[in-house]
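Whatever position you read off the sequence shown (first residue = 1), add 13 for my numbering. Where is the CB? At the ideal position from N, CA and C, for every residue including glycine. Reviewing the structure listed below.
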Amino acid sequence: MVSWSDGSDSSEHTRQYMSSDSDDSTIKVPASTEDSDFEGPETDMYVLCHGHGKAAERRVAFEGIHTGRRFLCCAEKEGKNCGLVEWIDPSWPTTLENALSKLWSMYEQSKMDRNEECLMHSFTVHDLTQEKKKLQASYE
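Here it is in structure tokens:
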């Protein structure tokens with residue numbers, strides 16, 4: 014539950030704890046990217062994580078179908094993350110989610126292809142190095 018402040022009462026009593034509405038399983042905080050318009054601790058909505066009592070941190074997702082969506086998460090950098098993930102923006106339309114999913118799949122496939130090519134190149138370099146050593150040994 015988000016506590017929305019109307020601005021009339023700025024006391025600490027307007028802050029409420031927020032639950033991620035999940036069971037005790039660990040919630041993965043999405044990868045995020047820097048956005049100067051939406052970063053740092055949340056000060057407007059007075060959202061606190063239920064595990065640490067700290068103001069939630071504002072982030073912009075940079076992963077999968079949530080890319081570009083703003084969210085609040087636990088601000089705890091070290092130690093146990095309480096799992097707070099509260100989306101500010103609504104879900105993207107299905108067509109955009111499908112496009113983002115396809116783009117991220119293409120990106121992951123490209124990474125795998127590059128890794129495979131790198132491995133093949135390293136085998137080639139190894140084979141050429143061995144051949145060079147044999148040729149050098151035959152001339153000595």
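Specify the secondary structure class of residue i as computed by DSSP and reduced to three states.
{"i": "THR137", "result": "helix"}
{"i": "SER104", "result": "coil"}
{"i": "CYS87", "result": "coil"}
{"i": "CYS95", "result": "coil"}
{"i": "GLY77", "result": "helix"}
{"i": "SER49", "result": "coil"}
Report buried or exposed for residue i, applying the criterion of at least 16 other Cβ atoms within 10 angstroms of its Cβ.
{"i": "ASN128", "result": "exposed"}
{"i": "HIS79", "result": "buried"}
{"i": "ASN94", "result": "buried"}
{"i": "TYR59", "result": "buried"}
{"i": "GLU130", "result": "exposed"}
{"i": "LEU97", "result": "buried"}
{"i": "LEU85", "result": "buried"}
{"i": "GLU55", "result": "buried"}
Under 7 Å Cβ to Cβ from residue i, same chain only, skipping five residues before and after it: list those, please.
{"i": "THR46", "result": "VAL73, PHE75"}
{"i": "TRP117", "result": "GLY77"}
Provide the residue span of the beta strand (DSSP E) that contains residue i, from first to last.
{"i": "ARG72", "result": "70-74"}
{"i": "VAL60", "result": "60-62"}
Starting from the C-beta of residue i, find all residues in its chain whose C-beta is less than 6 Å away, skip the five residues before and the five after it, and write them out in chain order.
{"i": "GLU89", "result": "HIS65"}
{"i": "GLU110", "result": "ILE78"}
Note down, in chain order, each residue of its chain lying with its Cβ closer than 8 Å to the Cβ of residue i, except the 5 sequence neighbours on either side.
{"i": "ALA44", "result": "ALA74, PHE75, GLU76"}
{"i": "GLU153", "result": "none"}
> Can you find at least 3 beta carbon pairs, one from the region 120-127 and one from the region 135-147, that sit closer than 8 Å?
Replying inline: Not touching, per the Cβ criterion.
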